[in-house]
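Working notes, beginning with the structure itself.
Protein chains: 2
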Amino acid sequence: MVLGEVMKQTGDLSLMKKLNKALVLELIRHESPTSRARIAEKTGLTKATVSSLVTELIDANLAYESGAGESRGGRKPVTLLFQEKAGYAIGIDLGTDGMTAVLTDLNGTIVDERRKKNNNRETLSAIAVLGSCIRELMDSAPTSPYGIIGIGIGIPGFSDEAGNVLFAPNLGWENVPLQSLLEQEYNLPIVIENEANVGALGESRYGLAKGTANLVHVSIGAGIGTGILLKGELYRGASGFSGEMGHISIHPDGKPCRCGNVGCWELYASENALVDAARKEYEDPDITLDGLLEKAEQGEELALQLLEEHARYLGVGLINIINSFNPELIILGGRLAAAEKWLSEPLQHFVESRSLPYPRAKLDIRFSQLGDRATVLGAASIAIANFFASPKLSVE
Amino acid sequence: MVLGEVMKQTGDLSLMKKLNKALVLELIRHESPTSRARIAEKTGLTKATVSSLVTELIDANLAYESGAGESRGGRKPVTLLFQEKAGYAIGIDLGTDGMTAVLTDLNGTIVDERRKKNNNRETLSAIAVLGSCIRELMDSAPTSPYGIIGIGIGIPGFSDEAGNVLFAPNLGWENVPLQSLLEQEYNLPIVIENEANVGALGESRYGLAKGTANLVHVSIGAGIGTGILLKGELYRGASGFSGEMGHISIHPDGKPCRCGNVGCWELYASENALVDAARKEYEDPDITLDGLLEKAEQGEELALQLLEEHARYLGVGLINIINSFNPELIILGGRLAAAEKWLSEPLQHFVESRSLPYPRAKLDIRFSQLGDRATVLGAASIAIANFFASPKLSVE
DNA sequence: CAAAGTTAGTTTACTCAATTTACAAAGTCA
DNA sequence: TGACTTTGTAAATTGAGTAAACTAACTTTG
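Rendered as structure tokens:
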């Protein structure tokens, strides 16, 4: 991107109104219940202006009045609430051997859900199942003024701005024009985004990161994916490939990685790395993560030792993230989040002993509590955010 | 930072005008020479609006008319130029054993310069010399409508939003309220910022990165500092300590670093690391970077080998940066930029062989051409940017 | 070389969204 | 009960941009 390539928005009256209306709607959405007077106070707009904007929002089915609130010493305010049932969004988590799809209202509350097993390495079959999920959820959605407002899809790979899946190694997909295929079929706004990015959004909007503007979401599964939220927005990098921090090298003479680099973090700190180590130590090629955690639960020394060792590898990479991004919050998600119990303490300890004191001061490291819901919720939230940003609403 | 903590700007007429006026001024500053008609075309504003805004800018001494331009088939346009002599900024590079200070016009063109040697580890002495630089440049500045509009200072350390130097290891400073000290003395807007950050700004505004919105500036000297520019803005992280990528660990069992971590990149890839290696190999404790480069110039095998080896260590860290940030451009600056001739090719080669193909596609790796000017120019540019962003100008 | 066509910039009337001011409605509190 | 507060609406005002017409100045063309 070159600065000045696109002319900045010029200011005119419609922009002004759009800004203020969005501001009022935001307060109704996020500081509910509220009232006209309170909105005027918080925004600095006059009561008259707020009144007129609220009227329009009510006419647009995005807000409604609900009786009288508590008096603050004078006339009781009229309670204003967000009309979260004015439309519905679909969020999908496309994995390698299955997918989860949810229908949410405009608050991101899950209304319906579908989970389907499928070998998604077969592109055509995956798209067919994707379609059936979408169709089913569309049919199950209650009737509403705006209907289905959009679909967000999280994928284990890279996509461009047009929603083409450029490269998804674990799916074996390359150059699949997923967005345009689905848009043609369903005539709805579709967004395709990397799953770790989508997870970061999910955590920041519905998880323990609620309201945090600068966070890194580390999703630990077969590999390690990272989603970066800066100033409340996804950071996508110059060409949409940011956040491959799983491929930060932590060992200049380490194992070769399929990415071309050597000593990549995910070779040491992913779920796969842990399970491989366990298989070796236990001399049992069939051991799984769950199996290992069970052994740890029973207090087996070797299992506990493996987990502690793993925390150290995780920490090495986290320190790199801390020193690079100085985030407020790091969220550890993915399947390995299930091992929080054994990883958390040694990890915190390791990070404290190794990182610079200043960047660490305001830092929090937490394990995801949304679990695999982070992805679907984040995906739906992109669709919702796009709906509210769309000119349809703002310009009338 | 928590989202929604501060109320967003509400839209009113003055905001509208501020936006449009800034837009017009930007075109006059950066697409000079231009004309009212051309600005109207580019911005989408009407000719009438542009005319009125231009009049105000001329009244404010920020633009002036200069005869007639080339006709495009009708009446000749009136040429509009930016009044870069309407005010002057001071930019300072505070090093460990000296400082450089420049006086620039509002275009960032250097008008006067001072270089002073001093042991800046002595805080009081440093501040005194800083003061004499400022005083001399203020006195040498031509009289102008706005006078000295501000001072930007690049420091080898961390500062907070209030301009307190929190920690500057190479200076040995801790908690020095530099900004308030200087503001009291000179009654001018002062900005304190990390030198690598400032260098990134300098490169992006006046160097080979002109117009690039996403870049990482790697400043290689005694240590390695990094400045990150995202979407045209400095990225400072949650608490102002972003970009300590010199302390990304590239070796989990490497040498211990004074930062508390082990195997930090700067232990292997800084100028100091190179010189140390050279001293060891040549068994000569007095060899310097310049000495080594001289040997390389004469084709000495050992020197060439040391540089090639060094390029490899540099590359390891650059790949981490590429995979984390996916920048459009990486600029290598600092003293080691003098070794471009020997580092460039092996470095490019190494990076190509080790990085993911997609993030690399749009990437450019270049050596700074501004040299040590990047810091002073970047520092001055912050003062200039703040001047144009200040409400004084916009609201009238 | 004069008439026709183009481009640059200004003037005037108009629009729209927010503000200011006034006020009615509906409470609380002593 | 009366004074004071708070909530919300209504009417007049303000200010910035738009649209359209106009003047000015230059180029092109028959």
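Residue numbers (my numbering), protein chains in the order written: chain A, 1 to 396; chain B, 1001 to 1396. Glycine is no exception: its CB is placed at the ideal position from the N, C-alpha and C atoms.
Interface partners of residue i on chain B, CB under 7 Å
i, result
"V129 of chain A", "Within 7 Å Cβ-Cβ: nothing; V129 of chain A doesn't reach chain B, min ~27 Å."
"A238 of chain A", "N1214, N1326, P1327, E1328 and K1362"
"L274 of chain A", "Neighbours of L274 of chain A on chain B: none; closest Cβ ~16 Å, over 7 Å."
Residue i (DSSP reduced to helix, strand or coil)
i, result
"R121 of chain A", "coil"
"F241 of chain A", "coil"
"Y206 of chain A", "helix"
"K1018 of chain B", "helix"
"L377 of chain A", "helix"
"H1251 of chain B", "coil"
"R236 of chain A", "coil"
"V1006 of chain B", "Here V1006 of chain B scores only 36 on pLDDT, less than 50, and its place in the model should not be relied on; the value that follows carries that caveat. Here V1006 of chain B sits in coil by DSSP."
"Y358 of chain A", "helix"
"K1085 of chain B", "coil"
"R1258 of chain B", "coil"
"T1109 of chain B", "coil"
"G199 of chain A", "helix"
"G246 of chain A", "helix"
"T1043 of chain B", "helix"
"N1386 of chain B", "helix"
"E1396 of chain B", "With a pLDDT of only 42 at E1396 of chain B, under 50, the local geometry of the prediction cannot be trusted, and no value is derived from it."
"A1213 of chain B", "coil"
"E1193 of chain B", "strand"
"L1336 of chain B", "helix"
"E1065 of chain B", "strand"
"M1001 of chain B", "In this prediction, M1001 of chain B has a pLDDT of 37, which is less than 50 and means its spatial position is unreliable; what the coordinates show is noted afterwards. It is coil, neither helix nor strand."
Test: residue i CB closer than 8 Å to a CB of chain B
i, result
"V2 of chain A", "With a pLDDT of 37 at V2 of chain A, under the threshold of 50, the modelled position of this residue cannot be trusted; read the value that follows with caution. It does: the Cβ of V2 of chain A has a partner Cβ on chain B nearer than 8 Å."
"I384 of chain A", "no"
"S32 of chain A", "no"
"N107 of chain A", "no"
"E308 of chain A", "no"
"Y206 of chain A", "no"
"F82 of chain A", "no"
"N406 of chain A", "The displayed coordinates of chain A run from 1 to 396. Any statement about residue 406 of chain A would go beyond what the structure contains."
"G11 of chain A", "yes"
"G44 of chain A", "yes"
"F167 of chain A", "yes"
"I23 of chain A", "The sequence given here places Leu at residue 23 of chain A; Ile does not occur at that position. L23 of chain A counts as touching chain B."
"L182 of chain A", "no"
Chain A contact residues for residue i, given Cβ-Cβ distances below 7 Å
i, result
"P1252 of chain B", "I250, H251 and V316"
"P1346 of chain B", "Result: empty, since nearest Cβ-Cβ is about 15 Å, beyond 7 Å."
"E1244 of chain B", "N323, L356 and P359"
Delimiting residues of the beta strand (DSSP E) encompassing residue i
i, result
"W1265 of chain B", "Here W1265 of chain B belongs to no beta strand (DSSP E), and DSSP marks it neither H nor E."
"N320 of chain A", "Note, N320 of chain A: premise wrong, no beta strand (DSSP E); alpha helix (DSSP H) at E301 to F325."
"S51 of chain A", "Counting along the chain, S51 of chain A falls outside any beta strand (DSSP E), though it belongs to the alpha helix (DSSP H) covering K47 to D59."
"T79 of chain A", "V78 to F82"
"T1226 of chain B", "I1224 to L1230"
"G1333 of chain B", "L1329 to G1333"
"S1368 of chain B", "Taken as a continuous stretch (DSSP letters only), S1368 of chain B belongs to no beta strand (DSSP E), as it is neither H nor E."
Cutoff 8 Å: residue i Cβ touching any chain A Cβ
i, result
"N1261 of chain B", "yes"
"I1319 of chain B", "yes"
"E1266 of chain B", "no"
"T1055 of chain B", "no"
"N1326 of chain B", "yes"
"S1014 of chain B", "no"
"Y1235 of chain B", "yes"
"L1019 of chain B", "yes"
"F1158 of chain B", "yes"
Residue interval of the alpha helix (DSSP H) (run including residue i)
i, result
"L182 of chain A", "L178 to Y186"
"E1352 of chain B", "E1340 to R1354"
Chain A residues whose Cβ lies nearer than 9 Å to that of residue i
i, result
"R1354 of chain B", "S249, C259, G260, N261 and V262"
Neighbouring residues, chain B, relative to residue i (Cβ below 8 Å)
i, result
"E174 of chain A", "What E174 of chain A touches in chain B: nothing, since even the nearest Cβ is about 11 Å away."
"F241 of chain A", "N1326, L1356, Y1358 and P1359"
Within chain A, partners of residue i - CB distance below 8 Å
i, result
"L1230 of chain B", "L230 and Y235"
Enumerate, from N- to C-terminal direction, the unbroken alpha helix (DSSP H) stretches of 4 or more residues contained entirely within the region 272 to 299 of chain A.
Complete alpha helix (DSSP H) runs here, min 4: 289 to 297.
List, from N- to C-terminal side, the beta strand (DSSP E) runs of 3 residues or more that fit wholly inside the region 123 to 175 of chain A.
Segments of the beta strand (DSSP E) lying fully in the region 123 to 175 of chain A: 148 to 155 and 165 to 168.
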